[in-house]
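K.L.:
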Amino acid sequence: MEGRLESRVLIREFDEDKDYKIVEKLERNCEIGTKKGVSIFTNMVGDPLSRIRFYPLHVTLVAELLETKELVGVVRGCIKSMGTPSESLFKMGCILGLRVSPSHR
């Protein structure tokens, strides 16, 4: 691979006004299937933020090619409080969704 990756891809926070429909399309393009049918399918219920919206601390990042402004990836994450009744709580980061455009894997 020629050139440095960081000079060709911008990782930025999801902009709902600008990225909503593009991320929705990327989700559909990333469904993994076989000749027998789809083997991995995620129904976002028409909402790219549906898996993280209700976590108090959440973020969605997108990967955008600088040259063409094409979105080629999206990652969703949150921070959860974890623990048991007899233990103290701690914070844990979780990745709830990672999608990369099939043409850029």
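For the sequence shown, position 59 matches number 59 in UniProt numbering, and the numbering has no gaps at all.
Just so it is clear, CB atoms sit at the ideal spot from N, CA and C, and this is done for glycine as well.
1. Give the single residue among Arg76, Lys91 and Thr68 whose Cα lies nearest to the Cα of Gly83.
2. Put Glu27 into one of helix, strand or coil per three-state DSSP.
3. Distance, Cα to Cα, Ser103 vs Glu13?
4. Please name the residue, chosen from Val59, Thr68 and Leu89, that lies closest to Leu98 on a Cα-to-Cα basis.
5. Smallest Cα separation from Cys78: which of Ala63, Ile95, Lys25 and Ser101?
6. At the level of alpha carbons, what is the spacing between Glu67 and Arg8?
P.N.:
According to the structure shown:
1. Residue numbering aside, residue 83 sits at position 83 when the sequence shown is read from its first letter. Comparing Cα positions, the closest option is Lys91.
2. Within the sequence shown, numbered from 1, the residue matching residue 27 stands at position 27. Glu27 falls in the helix class under three-state DSSP.
3. Along the sequence shown, one-based indexing puts residue 103 at 103. Along the sequence shown, one-based indexing puts residue 13 at 13. In this structure, the straight-line span from the alpha carbon of Ser103 to that of Glu13 is close to 22 Å.
4. Taking the first residue of the sequence shown as 1, we reach residue 98 at position 98. Comparing alpha carbon positions, the residue from Val59, Thr68 and Leu89 closest to Leu98 is Val59.
5. Stepping through the sequence shown from its first residue, residue 78 is reached at position 78. For Cys78, the closest of Ala63, Ile95, Lys25 and Ser101 by C-alpha to C-alpha distance is Ile95.
6. Here residue 67 refers to the residue found at position 67 of the sequence shown. Here residue 8 refers to the residue found at position 8 of the sequence shown. In a straight line, the C-alpha of Glu67 is about 7 Å away from that of Arg8.
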